[in-house]
Amino acid sequence: MSAPKLWVVAGPNGAGKTTLTRLHLTGHLPVVNPDDLAAELDILNRNSPLVQMRAGRLALLAREKLLASGHSFAIETTLSGNSEIELMQRARGQGYQVILAFVGVDDVGLLIARVKSRVDDGGHAVPLDAIERRYRRSMDNLGYALQMADRAWVFDNRGKRGRRTLLIREEGRLKYVSSSLPMWAKRAIPTALRRRDRVHRHKHGLKNFAADINAPELTR
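If you're matching positions, the sequence shown starts at -13 in the working numbering and goes up one per residue.
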């Protein structure tokens, strides 16, 4: 029997985490997303601090319950705190295979514009200072998350053509790295984790990412 999987879909607010999750994970396994929980608690007041706080607590409880069950599940996170890194570490200790999908962009202004557009369409809001603060912390934590993950994809999502695969790691080995990393990736990904001297041939991109997600054993 294959090991259960913990999928960590991470990145700053407005980077495109939810789109990636809904395209490839939703419907295959439980997904813990505080924003969805806030909407379930009170759709009309989902952006209020009280509702956001309650949703955050419920998300933590849901993670713990799923981890204790031994079944595969996914979380969405800005990766701006320590709890997700700790969760990844504990999951590995309990026999989980930890898989990271990180989505980033260079321009915080682009993230702010995307969040504003989302709010205009009825989505959840994020304070400007929180977007900026979480962006910095998310980038600071990416290196730690990569080291905790058994497998990892890093995507850039700044362009109109969709996500571009920047890096793939499996079992501590670099499988693919783009020859043109954006500045945010150069700063956030430790050099030792993106060295090109031992890159193995590997078909990369969202096609392979999706194929891996849809593996039959995922829903265990």
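Every residue, glycine too, gets a C-beta built ideally from N, C-alpha and C. Keep in mind the model is a prediction, meaning the values are calculated, not measured.
Given residue i as reference, the closest of the options once Cα atoms are compared
i	options	result
tyrosine 162	Ala178, Leu152, Ala171	Leu152
alanine 41	Val18, Ser103, Lys51, Leu86	Val18
isoleucine 175	Asp126, Arg149, Leu86	Asp126
glycine 145	Ala1, Leu(-8), Ala(-11)	Ala1
leucine 52	Glu156, Lys(-9), Trp139	Lys(-9)
methionine 134	Gly158, Gly56, Leu15	Gly158
leucine 11	Trp(-7), Tyr130, Asn(-1)	Trp(-7)
aspartate 93	Gln83, Arg122, Arg150	Arg122
leucine 97	Glu118, Gln80, Ala77, Gln83	Glu118
glycine 214	Trp170, Pro113, Val112	Residue coverage of the chain in this structure runs from -13 to 206, which leaves residue 214 outside it and unanswerable.
leucine 23	Leu6, Arg49, Pro(-2)	Arg49
alanine 54	Glu62, Thr63, Leu73	Leu73
arginine 8	Met39, Glu62, Leu44, Asp28	Glu62
glutamate 156	Ile85, Arg173, Thr5, Arg181	Ile85
glycine 225	Asp115, Thr4, Leu160	Any question about residue 225 goes unanswered here, given that the chain covers just -13 to 206.
Three-state class that DSSP yields for residue i in the structure shown
i	result
aspartate 207	Lying outside -13 to 206, the shown extent of the chain, residue 207 is not represented and no answer is given.
valine 94	helix
lysine 142	The displayed chain sequence assigns aspartate, not lysine, to residue 142. Looking at aspartate 142 - three-state DSSP - the assignment turns out to be strand.
leucine 153	strand
leucine 65	coil
tyrosine 121	helix
glutamate 178	Reading off the sequence, residue 178 comes out as alanine, not glutamate. Helix at alanine 178.
alanine 45	helix
alanine 111	coil
proline 35	helix
methionine -13	coil
arginine 147	coil
leucine 6	helix
glycine 0	coil
aspartate 22	helix
For residue j and residue i, the rounded distance between their alpha carbons
i	j	result
alanine 25	proline 35	13 Å
asparagine 31	valine 37	7 Å
aspartate 21	alanine 178	34 Å
valine 101	alanine -4	16 Å
serine 66	serine -12	31 Å
leucine 69	arginine 147	Checking the sequence, you will find serine at residue 69 rather than leucine. Distance between the alpha carbons of serine 69 and arginine 147: 33 Å.
leucine 15	alanine 60	7 Å
alanine 77	arginine 149	28 Å
isoleucine 154	arginine 137	7 Å
valine 242	asparagine -1	No statement about residue 242 is possible, as the shown extent of the chain runs from -13 to 206 and does not include it.
asparagine 33	glycine 81	36 Å
alanine 99	glutamine 75	34 Å
serine 103	arginine 120	19 Å
Residue(s) in a DSSP beta bridge with residue i
i	result
tyrosine 130	Paired residues: none, contrary to the question.
alanine 87	Val(-5), Trp139
arginine 159	Glu156
threonine 12	Leu15
alanine 60	Trp(-7), Val17
With contact counted as at least three CB pairs below 8 Å, one residue from each stretch, are the segment 101 to 109 and the segment 156 to 168 in contact? no
Touch test, the segment 72 to 90 against the segment 131 to 143, Cβ-Cβ under 8 Å, three pairs minimum: yes
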